[in-house]
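I have placed the structure first, in the form of structure tokens, so that the comments after it can refer back to it.
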Amino acid sequence: MITASIVVYHQDIEILQKTVYSFLNTPFPKKLFIIDNNESSNLKNIFPQEEVEHIKTKSNLGFGKGHNLILDRISSEYHLILNPDVEFSPDVLTKLIAQLKNEPNVSFITPKIIYPDKGPQFACRKHPTFFSLLNRKLKWSKKYFYENEYRNQNLNYSFYPEFIHGCFMLFKSKELLELKGFDERYFLYMEDADLCREIENKGKKIMYFPEVQIIHHHQRGSSKSNKLFFIHTFSAIKYFLKWGFR
28 MITASIVVYH QDIEILQKTV YSFLNTPFPK KLFIIDNNES SNLKNIFPQE
78 EVEHIKTKSN LGFGKGHNLI LDRISSEYHL ILNPDVEFSP DVLTKLIAQL
128 KNEPNVSFIT PKIIYPDKGP QFACRKHPTF FSLLNRKLKW SKKYFYENEY
178 RNQNLNYSFY PEFIHGCFML FKSKELLELK GFDERYFLYM EDADLCREIE
228 NKGKKIMYFP EVQIIHHHQR GSSKSNKLFF IHTFSAIKYF LKWGFR
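The opening residue of the sequence shown carries number 28 in the numbering used here; numbering runs sequentially from there.
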């Protein structure tokens, strides 16, 4: 049994359909939770399948709090934290689960992530620092930028990075439940980085596994929207107040 959760807010329906059917086409007993943060929508009509459970919120709860809503409903061995803008083939979860079974010290696993044009997304990162976030925005040092994304090593091989972008996180369910999900102080952004720090603090690891890949229709929202940029900034402040600025 595998479960997955998707938090939806003003999502492109065509892309969302690709995400939902990517999961529903996997060859396991499955259940998908769609946490709908939209004030009004007809997602129940679009996804009426028995394997889909719809959870309607009264307001936009954000990413982490939305996913946390279903923690007490997880009874599966594996749980997938899934963005509403990814697509993947049916064998991806099969291979990821097979690998995860052989990794007793790994809490979650993530595949290679590419853009729709097949270009690579560099989802593996070092733990965020104040300088690394400024450098991503202002592009002071290309060398430091590349080092922060592990581009100085061969990303065709599996390894255990410090932090992986949270668009596709396949957890051992018990590990996610022990962590009690995401820190709900983050409305949006940095909650995945925070969770990776919590995993490290427990003496566990996360794994990048590039033998399979997914497509992520990444929008880079905070670089295009002033509102999202300020949300990202406030989340970063909360992160550094919790973990320190180094």
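We put the CB at the ideal spot given by N, CA and C, even for glycine.
Bear in mind that the values here come from a model prediction, so they are computed numbers and not experimental data.
Problem set entry | D144, DSSP secondary structure in three states | Translated into positions along the sequence shown, residue 144 becomes position 117. It is coil, neither helix nor strand.
For this session: Indicate the three-state DSSP secondary structure (helix, strand or coil) for Q240 in the structure shown.
Result: Numbered from its first residue, the sequence shown carries residue 240 at position 213. DSSP places Q240 in strand when its eight states are reduced to three.
Exercise. Residue ranges of each beta strand (DSSP E) run of no fewer than 3 residues wholly in the segment 150 to 216, ordered along the chain?
Worked result: 195 to 199
For this session: Could you tell me whether the segment 102 to 110 touches the segment 196 to 216, using the rule of 3 or more Cβ pairs below 8 Å?
Result: Yes, the segment 102 to 110 is in contact with the segment 196 to 216.
Problem set entry | S68 vs F115 beta-carbon contact at 8 Å | Indexing the sequence shown from 1 puts residue 68 at position 41. Indexing the sequence shown from 1 puts residue 115 at position 88. No; because the gap between Cβ atoms is not below 8 Å, this pair is not in contact.
Exercise. In this structure, does DSSP put H94 in helix, strand or coil?
Worked result: For the purposes of this step, residue 94 is taken as residue 67 along the sequence shown, with counting starting at 1. Correct three-state label for H94: helix.
For this session: For the beta strand (DSSP E) containing I108, list its first residue and its last residue.
Result: Translated into positions along the sequence shown, residue 108 becomes position 81. Boundaries of the beta strand (DSSP E) harbouring I108: Y105 to L109, taken from the DSSP string.
For this session: Decide if the segment 31 to 40 is in contact with the segment 89 to 100; the criterion is three or more beta carbon pairs, one per stretch, under 8 Å apart.
Result: Flag = yes, the segment 31 to 40 and the segment 89 to 100 touch.
Problem set entry | Integer Cβ distance of I42 from H192, believed to fall under 8 Å | For the purposes of this step, residue 42 is taken as residue 15 along the sequence shown, with counting starting at 1. For the purposes of this step, residue 192 is taken as residue 165 along the sequence shown, with counting starting at 1. With 8 Å as the limit, I42 and H192 do not qualify as a contact, their Cβ atoms being about 17 Å apart.
For this session: Report all residues from its chain with a CB closer than 8 Å to the CB of Y213; omit the five preceding and five following residues, and keep chain order.
Result: Counting from 1 along the sequence shown, the entry for residue 213 is found at position 186. Same-chain partners within the cutoff: G89, F90, G91, D221, S262, K265 and Y266.
For this session: May I ask you to list the residues that DSSP assigns as paired with Y235?
Result: Along the sequence shown, one-based indexing puts residue 235 at 208. Answer is T137 and F186.
Problem set entry | Classification of E238 by the beta-carbon crowding that lies within 10 angstroms, buried from 16 upward | Looking up residue 238 in the sequence shown gives position 211. It counts as exposed.
Exercise. Based on the DSSP secondary-structure assignment, which residues constitute the bridge partners of I42?
Worked result: Position 15 of the sequence shown, counted from the first residue, corresponds to residue 42. Paired residues: none, contrary to the question.
Exercise. Does the separation of the CB atoms of L120 and T46 fall below 8 Å?
Worked result: Here residue 120 refers to the residue found at position 93 when the sequence shown is read from its first residue. Here residue 46 refers to the residue found at position 19 when the sequence shown is read from its first residue. No, they are not a contact pair.
For this session: Name the one or two DSSP bridge partners that T30 has.
Result: By one-based count along the sequence shown, residue 30 stands at place 3. Residue pairing by DSSP puts T30 in a beta bridge opposite K58 and H106.
Exercise. Looking at I62 and S200, is the spacing between their C-beta atoms short of 8 Å?
Worked result: As a working note, residue 200 is residue 173 in the sequence shown. As a working note, residue 62 is residue 35 in the sequence shown. Taking 8 Å as the Cβ cut-off, S200 and I62 do not qualify as a contacting pair.
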